[in-house]
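Peer 1: One structure follows; several queries about it will come next.
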Amino acid sequence: MKEQNRYWFKKGLKDGVPIAAGYFAVSFALGITAKNAGLTAFQATLASLLCNASAGEYAGFAVIAENASYVTMALVTAIISARYMLMSIALSQKLPQQVGLGHRLLVGFWITDEIFGASSTVPGKLNPRYNYGLAICSLTFWALGTCLGVVVGNILPGNIVNALSVLLYGMFLAIIMPESRKNKVVLGLVIISMLMSLAFAYLPWIKTLSEGTRIIILTVLIAGAGAIFFPIPDEDEKVEDN
2 MKEQNRYWFK KGLKDGVPIA AGYFAVSFAL GITAKNAGLT AFQATLASLL CNASAGEYAG
62 FAVIAENASY VTMALVTAII SARYMLMSIA LSQKLPQQVG LGHRLLVGFW ITDEIFGASS
122 TVPGKLNPRY NYGLAICSLT FWALGTCLGV VVGNILPGNI VNALSVLLYG MFLAIIMPES
182 RKNKVVLGLV IISMLMSLAF AYLPWIKTLS EGTRIIILTV LIAGAGAIFF PIPDEDEKVE
242 DN
């Protein structure tokens, strides 16, 4: 059993290398954002160690920059990161029945889109040590990249730091563009979200709200409309249709 656990942990470390490379580049840009929000390198690194969601962490830094309330912070990060709760539930079904609560909580805590994808492709039941290997390898570089982003942001001139902040928007484009090209519904919702976000920045009353509050409203409205008008069929329904 120990040999099997060791094998899966090492395999997780190996499979986590390409994820780590991508995370390092993205989190470097996130560190620039953290620096612009007034966080120190230690604070930003700790945030990346405790929050494994790029969009949620960026939203958190945006809320900090706006000096919004803790309630706004909690709501923003909870809504934006809600998908990880669903991923955790789905992945828990792949764990062997004898896996204890402690392992299940750790697997759930270390969920990201990429870690979930890699863990889901494991044939048969999932050994939690594989998930640990993935997380330790990739999320270490996530935190390291955030730290270096803050450090470099403190060294470079302000105009260069502002220019590097654009990298984070490139990350979001890299996330949404592939799916938008495959799914017209997603493409339509992305366009609507951009237009509504622009409108919210200029509408008389809404523009006075904090950025975090506007993110909450937009997320609930657009995601809710998408779920109501364009629901994703369950696997059982797909099988029956076939």
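Reading the sequence shown from the start, the letters are residues 2 to 243 in our numbering.
By construction, the Cβ of each residue, glycine as well, lies at the ideal position given by its N, Cα and C atoms.
Computed from a prediction, not measured in an experiment: that's the story for all the values here.
Taking the straight line between their C-alpha atoms, what separation do you get for residue 1 and residue 66?
Peer 2: It is not possible to answer for residue 1, since the shown part of the chain is limited to 2 through 243.
Peer 1: Return yes when the Cβ of residue 193 is within less than 8 Å of the Cβ of residue 216, no when it is not.
Peer 2: No.
Peer 1: For the alpha helix (DSSP H) holding residue 153, just list the boundary residues, first then last.
Peer 2: Residues 129–156.
Peer 1: Whose CA, out of 198, 190, 141 and 199, lies closest to the CA of residue 18?
Peer 2: It is 141.
Peer 1: Work out the CA separation of residue 191 and residue 76 for me, nearest whole Å.
Peer 2: Each residue's alpha carbon lies about 21 Å from the other.
Peer 1: What three-state label does DSSP hand residue 71 in the structure shown?
Peer 2: Here residue 71 sits in helix by DSSP.
Peer 1: In chain order, what residues of the same chain have a beta carbon less than 6 Å from the beta carbon of residue 88, not counting five sequence neighbours either side?
Peer 2: Closer than 6 Å at the Cβ level, and outside the excluded window around residue 88, lie 112 and 117.
Peer 1: Does the segment 125–134 come close enough to the segment 5–17 that 3 or more CB-CB pairs lie under 8 Å?
Peer 2: Short answer: they touch.
Peer 1: State the start and end residues of the unbroken alpha helix (DSSP H) segment that holds residue 203.
Peer 2: Here residue 203 belongs to no alpha helix (DSSP H), and DSSP marks it neither H nor E.
Peer 1: Among 93, 24, 52 and 7, whose alpha-carbon lies nearest the alpha-carbon of residue 143?
Peer 2: Comparing Cα positions, the closest option is 24.
Peer 1: Would you tell me roughly how many angstroms separate the C-alpha atoms of residue 115 and residue 139, rounded to the nearest one?
Peer 2: Roughly 10 Å between the two C-alpha positions.
Peer 1: Within the same chain, show all residues whose beta-carbon is closer than 7 Å to that of residue 184, passing over the 5 residues directly before and after it, in chain order.
Peer 2: Taken in chain order, the list of residues that qualify is empty.
Peer 1: Using the C-alpha atoms, what's the distance from residue 16 back to residue 200?
Peer 2: Approximately 43 Å between the Cα atoms of the pair.
Peer 1: From which residue to which residue does the alpha helix (DSSP H) around residue 3 run?
Peer 2: Residue 3 -> alpha helix (DSSP H) spans 3–37.
Peer 1: Taking the alpha-carbon positions, what's the residue 103 to residue 206 distance?
Peer 2: If you take the alpha carbons of residue 103 and residue 206, they lie about 47 Å apart.
Peer 1: Using alpha carbons as the reference points, say which of 71, 97, 155 and 204 lies closest to residue 124.
Peer 2: Nearest of 71, 97, 155 and 204 to residue 124, Cα basis: 97.
Peer 1: Considering only their Cβ atoms, is the gap separating residue 60 from residue 150 smaller than 8 Å?
Peer 2: No, Cβ-Cβ distance for residue 150 and residue 60 is not below 8 Å.
Peer 1: In or out: residue 156 buried (at least 16 other Cβ within 10 Å) or exposed?
Peer 2: Result: exposed.
Peer 1: Using three-state DSSP, classify residue 40 as helix, strand or coil.
Peer 2: Correct three-state label for residue 40: coil.
Peer 1: Candidates 74, 57 and 92: which alpha carbon is nearest residue 64's?
Peer 2: Of the listed residues, the one whose Cα sits closest to residue 64 is 74.
Peer 1: Residue 116 lies in the alpha helix (DSSP H); which residues open and close that run?
Peer 2: Counting along the chain, the alpha helix (DSSP H) containing residue 116 begins and ends at 114–121.
Peer 1: Residue 147 and residue 32: beta carbons closer than 8 Å?
Peer 2: Their beta carbons are under 8 Å apart, which means residue 147 touches residue 32 by this criterion.
Peer 1: Please report the Cβ distance between residue 81 and residue 221, rounded to the nearest whole angstrom; I am assuming they are in contact, meaning their Cβ atoms lie under 8 Å.
Peer 2: Not really, about 11 Å apart at Cβ, beyond 8 Å.
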